[in-house]
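Structure first, then comments.
2 protein chains.
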Amino acid sequence: AGDAEAGKAKAAICAACHGANGIAVIPGYPNLAGQNSQYIVSALKAYKNGERTSAQAAIMKPQATMLSDADMENLAAYYAQMK
Amino acid sequence: AGDAEAGKAKAAICAACHGANGIAVIPGYPNLAGQNSQYIVSALKAYKNGERTSAQAAIMKPQATMLSDADMENLAAYYAQMK
């Protein structure tokens, strides 16, 4: 499982859209607080692998591409434990 | 905006994986309770339009394909108002 503390350090960029508290600043973006970590990882991988090609994917793919598998696990752990 | 009551009537199928309370029964699936309705609609449309092609999309695409735009708005309203 991921390391939420390491995820927190990595989440500064994510917070710009998904909110510092995991509640998205823009209604068209997903809240991440309390989301299933396994789902967050699979969504990030789908963006990275080009399996998501919607308009939002154009924003998320470059972000996900910069993340290692460990980064994804840590970010997922960080957001999953947010209430 | 969608009609949460109409969404509730439509959500029986969704509940099988996303939970009757919007908390996914399988950790690899997303929780929907309290998610942004606008995001839920865009995700459903992405599945319906084939803009999501991950393994999970194989499950979600047939579901989303059966939904009208109004169904999507109603389901999104239903899950967004869940606490």
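If you're matching them up, the sequences are chains E and V in order.
One gets my numbering by counting positions in the first sequence from 1 and adding 561 to each.
One gets my numbering by counting positions in the second sequence from 1 and adding 561 to each.
Note that beta-carbon positions come from the ideal geometry of N, C-alpha and C, so glycine has one too.
Bear in mind that the values here come from a model prediction, so they are computed numbers and not experimental data.
Exercise. So is Lys571/E buried or exposed if we call it buried at 16+ other beta carbons inside 10 Å?
Worked result: Label assigned to Lys571/E: buried.
Exercise. If you draw a straight line from the alpha carbon of Ala567/E to that of Ala567/V, how long is it in whole angstroms?
Worked result: Linking Ala567/E to Ala567/V through their CA atoms gives a straight-line distance of about 42 Å.
Exercise. Between the region 579-598 of chain E and chain V, which residues of the former have a C-beta closer than 7 Å to a C-beta of the latter?
Worked result: Within the region 579-598 of chain E, the residues whose Cβ lies closer than 7 Å to some Cβ of chain V are Ala585, Pro588, Gly589, Tyr590, Pro591, Asn592, Gly595, Gln596 and Asn597, listed in chain order.
Exercise. If you drop the 5 nearest sequence neighbours on each side, which residues of the same chain put their C-beta closer than 7 Å to that of Ala618/V?
Worked result: The residues are Tyr608.
Exercise. Whose C-beta lies closer than 7 Å to the C-beta of Ile587/V among residues of the same chain, with five residues either side of it excluded?
Worked result: By the criterion of a C-beta distance shorter than 7 Å, Ile587/V is surrounded in its chain by Cys578, once the five residues flanking it on both sides are discounted.
Exercise. When the distance is taken between beta carbons, is Pro591/V closer than 8 Å to Asn597/E?
Worked result: Yes, the Cβ-Cβ distance between Asn597/E and Pro591/V is below 8 Å.
Exercise. When the Cα of Ile620/V is compared with those of Leu605/V, Gly563/V and Ala581/V, which residue comes out closest?
Worked result: Here the closest residue by C-alpha is Leu605/V.
For this session: Could you check if Ser603/E is buried or exposed, using at least 16 other CB atoms within 10 Å of its CB as the buried criterion?
Result: Ser603/E is classed as buried because its beta carbon has at least 16 other beta carbons within 10 Å across all chains shown.
Problem set entry | Where Thr626/V meets chain E, residues with beta-carbon distance less than 9 Å | Near Thr626/V there are no residues of chain E at all, since even the closest Cβ is about 16 Å away, more than 9 Å.
Problem set entry | Nearest residue (CA-CA) to Gly611/V, options Gln599/V, Ala625/V and Ile601/V | Of the candidates Gln599/V, Ala625/V and Ile601/V, the one whose C-alpha sits nearest the C-alpha of Gly611/V is Ala625/V.
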